[in-house]
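Here is the structure we will look at, set down as structure tokens.
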Amino acid sequence: MRNMLRQILTKGNVEAYTCTMTLAELAPIRRTPLLMLKALVRSQTPEFHRDYLPPGYPNDLDACAAVIQVMRGLLKNEKGLLRNLLLTNIKEFNHQPIDGAVPSLDALVVIIDQNMAARKQLKAEAEILRSYDTTMTTRLGFLRLYTVFHHIHRDPTENISQWELIDQQLEYVRSQSELYRIAYGRVIRAIDKELFGQKKI
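Numbering (our numbering), first residue to last: 17 to 217.
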């Protein structure tokens, strides 16, 4: 399940990372990491269910509840890992000093993939970059920009997480025209390149 979730977080077309309802219309959000993981796990073979999940899944309510609890714990941990990777060489972790420039967007993609891929799936850098299309790479750039913004400008008196801030912006962008969304993606990449693409510390 961990590998499935990591694929969703890094490459999935996620509509919201924390929120389950839209702010504008209070409508259910379908493409959240938890719902996407639930659907992916449920779609696995009976053999997978038998070998890796509690007896009775997916028909037994207690078994389903136990699986959901595991998924929630995994999601919390993996979102924390992704946040830390997005802040590579921007914030110190575990008393380890920053050891170089903030990585470019391509370098960040490689760092995230290498740290969130299963060992058997480790690939060369060029192969990793080929496996991320422009939309996926732009999303990671977007996540980094808003994670950095939250890290630097977070108001201690406001109880809003980086993921809630990200979800709000994603909802706003989704509500705009296709041309706006295309232009927005280009702006994200341009800002990322200006801030982090020239080996700046």
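Yeah, the Cβ is synthetic: ideal placement off N, Cα and C, and Gly gets one too.
Let me know if residue i comes out buried or exposed under the rule of 16 or more other beta-carbons within 10 Å of its beta-carbon.
i: proline 49; result: buried
i: methionine 87; result: buried
i: lysine 216; result: Caution applies to lysine 216, whose pLDDT of 49 falls short of 50 and renders its modelled position unreliable; the value that the coordinates give is listed next. So lysine 216 ends up on the exposed side.
i: tyrosine 148; result: buried
i: aspartate 171; result: exposed
i: phenylalanine 109; result: exposed
i: threonine 61; result: exposed
i: aspartate 104; result: Here residue 104 is threonine; the residue named in the question, aspartate, does not match the sequence. The residue is buried, with at least 16 neighbouring Cβ atoms inside 10 Å.
i: isoleucine 182; result: buried
Please report the straight-line C-alpha distance between residue i and residue j, rounded to a whole angstrom.
i: arginine 18; j: glycine 28; result: 14 Å
i: leucine 138; j: isoleucine 144; result: 9 Å
i: histidine 65; j: arginine 202; result: 42 Å
i: serine 177; j: histidine 166; result: 8 Å
i: methionine 132; j: leucine 25; result: 9 Å
i: valine 83; j: glutamate 210; result: 43 Å
i: threonine 150; j: isoleucine 198; result: 11 Å
i: glutamate 194; j: arginine 205; result: 17 Å
i: glutamine 23; j: alanine 43; result: 26 Å
i: methionine 152; j: valine 30; result: 10 Å
i: leucine 101; j: lysine 107; result: 10 Å
i: isoleucine 207; j: leucine 51; result: 31 Å
i: glutamine 184; j: leucine 77; result: 33 Å
i: valine 57; j: isoleucine 45; result: 19 Å
i: leucine 69; j: glutamine 192; result: 41 Å
i: threonine 173; j: proline 74; result: 42 Å
i: isoleucine 114; j: glycine 96; result: 18 Å
i: arginine 47; j: lysine 54; result: 11 Å
i: leucine 91; j: glutamine 85; result: 10 Å
i: aspartate 67; j: asparagine 175; result: 41 Å
i: serine 59; j: glycine 89; result: 21 Å
i: histidine 169; j: tyrosine 200; result: 22 Å
i: glutamate 63; j: glutamine 112; result: 43 Å
Please name the residue, chosen from the options, that lies closest to residue i on a Cα-to-Cα basis.
i: tyrosine 33; options: Glu210, Asn105, Glu180; result: Glu180
i: serine 120; options: Glu174, Asp183, Leu161; result: Leu161
i: valine 189; options: Arg22, Leu101, Val118, Thr38; result: Thr38
i: glutamate 41; options: Ala55, Glu187, Asp115, Phe212; result: Glu187
i: alanine 123; options: Arg146, His111, Asp76; result: Arg146
i: phenylalanine 212; options: Ala117, Asp67, Gln112, Glu63; result: Ala117
Please look up how many angstroms separate the CB atoms of residue i and residue j, rounded, as I've assumed it's under 8 Å.
i: arginine 99; j: threonine 36; result: Not really, about 20 Å apart at Cβ, beyond 8 Å.
i: alanine 81; j: glycine 72; result: Alanine 81 to glycine 72, Cβ: 11 Å. No contact.
i: glutamate 94; j: leucine 21; result: 5 Å
Any 3 or more C-beta pairs closer than 8 Å across the region 118 to 134 and the region 145 to 161: yes
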